[in-house]
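Asker: Below you'll find the structure I mean.
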Ligand code: SF4
Ligand code: SF4
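In structure tokens:
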């Protein structure tokens, strides 16, 4: 039987907003798909341009970058830098022949648990429709996942 | 410094697709500072090429390396072993760097991954502007330190052209009229009288005439 494709999404979440929001979502018992692997970052401005590309190159089916609302960055404008870097790589993905919808930047506050859960669901569904990473490295098979 | 920008990935792929292994070679000097060909850009472009080649079903093996300076033999040596291991080199140096590598490694294809654009400065974060066209006989002293050859759209030595509006160039309204800048600057430093002088046609023998230019310093030769 053909295994159903479960997208693997890497989510870079800023400590001051998105990470608190996913935490809050947990406390509120809100459901979001278990397809995301969260990496907490001190600020989305800490994320170097190449990280997004490396994540996709190494097999992530999608990458979500979640920073504070514009104007609400703890470090003033880290999220604006991140937005530009994400945009740069989205353009590069198009050059490469890769669907740029696999990489997204979103802005949330620490209290936006429900919107973030919806964003994650939408991202997972978008990537599910796009299918596995065409580089063929959706290598963490179900078995390995269980082991993790 | 020399300012360059990266070529688009499809263009680079077209150039390198015939090879099975490729060294992407960065340069730690000008192109690092203008964010086009330093260690980080080597990493990004290499990832992009690996992805593009895998999508095309070709899987080029890519090695990454950045040396201090590609236009200097002393530093070029540091790349010798890596170049030996690979079929070809994609240099992220400026045009001079690419050629220096190609001259030193006569049996290796060396390709340019960047488009070298101009001699310029970092105007503000993320913006570089051209300042000098390397004409070989600098006239900045007559123009208050503002180069009419590079910065005036018509390269006028006896300007302005008469078309400027306010301080904008008529050819490119998004840029300042170089001659307005020259006037302001000469006024600020009390040298407006310099504008009374009619400059005769520039001698371009020092620039684009008779092939590449060479400077010899006997006192430094061994
Ligand atoms: S006059 Fe010639 S050398 Fe001087 S800045 Fe202009 S182009 Fe460069
Ligand atoms: S408007 Fe000024 S900068 Fe533009 S071509 Fe005329 S003199 Fe040169």
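Chains as they are written, first to last, in our numbering: chain A, 357 to 504; chain D, 104 to 325. Ideal Cβ positions, reconstructed from N, Cα and C, are used throughout, including at glycine. Note that the coordinates shown come from a computational prediction; the quantities given were computed from them, not determined experimentally.
1) Of the choices 252(D), 186(D), 201(D) and 294(D), whose alpha-carbon is the least far from that of residue 306(D)?
2) Kindly identify the DSSP beta-bridge partner or partners of residue 301(A).
3) Look at residue 472(A) and residue 378(A) and say whether their C-beta atoms are less than 9 Å apart.
4) Please list, following the chain, all residues that have a C-beta closer than 7 Å to any non-hydrogen atom of ligand 1.
5) Assuming the contact rule is C-beta atoms closer than 8 Å, residue 333(D) and residue 105(D) should be a hit. Round their C-beta distance to whole Å, please.
6) Applying the criterion that 16 or more other CB atoms from any shown protein chain within 10 Å of the CB defines a buried residue, is residue 305(A) buried or exposed?
7) In chain order, what residues of the same chain have a beta carbon less than 7 Å from the beta carbon of residue 266(D), not counting five sequence neighbours either side?
8) Between which residues of its own chain and residue 501(A) is the CB-CB distance below 7 Å, once the five residues before and five after are set aside?
9) What would DSSP say about residue 503(A), mapped onto helix, strand or coil?
10) Taking CB distances under 9 Å as the criterion, tell me whether residue 154(D) reaches chain A.
11) Give a yes or no on whether the C-beta atoms belonging to residue 232(D) and residue 174(D) are separated by under 9 Å.
12) Does the beta carbon of residue 108(D) sit closer than 9 Å to a beta carbon anywhere in chain A?
13) Residue 259(D): beta carbon under 8 Å from a heavy atom of ligand 2?
14) Does the distance between the C-beta of residue 275(D) and the nearest non-hydrogen atom of ligand 2 fall short of 8 Å?
15) Decide if residue 506(A) is buried, meaning its Cβ has at least 16 other Cβ atoms within 10 Å, or exposed.
16) Which ranges would you report for the beta strand (DSSP E) in the stretch 224–287 of chain D if only whole runs of at least 3 residues count?
17) Within the same chain, show all residues whose beta-carbon is closer than 7 Å to that of residue 250(D), passing over the 5 residues directly before and after it, in chain order.
18) With a threshold of 8 Å (Cβ to nearest heavy atom), would residue 98(D) be considered close to ligand 2?
19) From residue 449(A) to residue 239(D), what distance separates their C-alpha atoms?
20) Buried or exposed for residue 511(A), please, with buried defined as at least 16 other CB atoms from any protein chain shown within 10 angstroms of its CB.
21) Taking only beta carbons into account, state which residues of the stretch 453–475 of chain A come closer than 8 Å to chain D, listed in chain order.
22) With distance defined between alpha-carbon atoms, name the residue in 292(D), 293(D) and 134(D) nearest to residue 196(D).
23) Tell me which residues share the same chain as residue 479(A) and place their Cβ nearer than 7 Å to its Cβ, disregarding the 5 neighbours each side in the sequence.
24) Could you round the C-beta distance between residue 397(A) and residue 371(A) to whole angstroms and report it? I think they count as a contact, below 8 Å.
25) Check whether the Cβ of residue 490(A) lies closer than 9 Å to any Cβ atom in chain D.
26) When the Cα atoms are used, what is the spatial distance from residue 367(A) to residue 392(A)?
27) Can you confirm whether residue 364(A), when its beta carbon is compared against all beta carbons of chain D, has any partner nearer than 9 Å?
28) Buried or exposed for residue 375(A), going by 16 or more other Cβ atoms inside 10 Å?
29) Let's test the definition: count the other Cβ atoms within 10 Å of the Cβ of residue 109(D) and tell me whether it reaches 16, buried, or not, exposed.
30) Are the Cβ atoms of residue 262(D) and residue 294(D) separated by less than 9 Å?
31) Can you tell me the Cα-Cα spacing of residue 227(D) and residue 362(A), whole angstroms?
32) Answer yes or no: does any C-beta atom of chain D fall closer than 9 Å to that of residue 404(A)?
Answerer: With the structure as the only source:
1) A check of alpha carbon separations from residue 306(D) across 252(D), 186(D), 201(D) and 294(D) identifies 252(D) as the nearest.
2) In the structure as shown, chain A begins at 357 and stops at 504. Residue 301(A) is therefore absent and cannot be evaluated.
3) Going by C-beta atoms, residue 472(A) is nearer than 9 Å to residue 378(A).
4) Taken from the N-terminal end onward, the list reads 234(D), 235(D), 236(D), 237(D), 238(D), 239(D), 240(D), 241(D), 242(D), 243(D), 250(D), 252(D) and 253(D).
5) As displayed, chain D neither begins before 104 nor continues past 325, which places residue 333(D) out of reach and without an answer.
6) For residue 305(A) there is no data in the structure shown, the boundaries of chain A being 357 and 504.
7) Beyond the five residues adjoining it in sequence on each side, residue 266(D) comes within less than 7 Å, by CB distance, of 273 in the same chain, given in chain order.
8) Unreliable positioning characterises residue 501(A) in this predicted model, as indicated by a pLDDT of 44, which lies under 50. A coordinate reading is not provided.
9) Reliability fails at residue 503(A), whose pLDDT of 43 lies under 50, so the model's placement of it is uncertain and the value that follows must be treated cautiously. Looking at residue 503(A) - three-state DSSP - the assignment turns out to be helix.
10) Against chain A, the CB of residue 154(D) has a partner CB under 9 Å away; the residue lies at that interface.
11) For the pair residue 232(D) and residue 174(D), the CB atoms are not nearer than the 9 Å cut-off.
12) At least 9 Å separates the CB of residue 108(D) from every CB of chain A.
13) Proximity of the beta carbon of residue 259(D) to ligand 2 is indicated: a heavy atom of the ligand is located closer than 8 Å.
14) In this structure, ligand 2 has a non-hydrogen atom nearer than 8 Å to the beta-carbon of residue 275(D).
15) Not covered by the structure: residue 506(A). The range shown for chain A is 357 to 504.
16) Counting only runs of at least 3 residues, the stretch 224–287 of chain D fully encloses the following beta strand (DSSP E) elements, listed from N- to C-terminal order: 230–235.
17) Same-chain partners within the cutoff: 234, 235 and 243.
18) Since the first residue of chain D shown is 104 and the last is 325, residue 98(D) is not available in this structure.
19) Inter-residue distance for residue 449(A) and residue 239(D) is about 42 Å (C-alpha atoms, whole angstroms).
20) Residue numbering for chain A in the displayed model covers 357 to 504; residue 511(A) lies beyond these limits and cannot be assessed.
21) Those residues of the stretch 453–475 of chain A that come within reach of chain D (Cβ to Cβ, closer than 8 Å) are 453 and 454.
22) For the residues 292(D), 293(D) and 134(D), the minimum Cα distance to residue 196(D) belongs to 134(D).
23) Close CB contacts of residue 479(A) within its chain, under the 7 Å cut and outside five residues either way in sequence, are with 365, 418, 420 and 460 (chain order).
24) So it is a contact: roughly 7 Å between Cβ atoms.
25) Chain D contact via Cβ: present.
26) Going from the Cα of residue 367(A) to the Cα of residue 392(A) covers about 6 Å.
27) Not one beta carbon of chain D lies nearer than 9 Å to the beta carbon of residue 364(A).
28) It is buried - the Cβ of residue 375(A) has at least 16 other Cβ atoms within 10 Å.
29) So residue 109(D) ends up on the buried side.
30) Not in contact: residue 262(D) and residue 294(D) (Cβ atoms no closer than 9 Å).
31) Going by the C-alpha atoms only, they are around 45 Å apart.
32) Yes, residue 404(A) lies at the interface with chain D (some Cβ there is under 9 Å from its Cβ).
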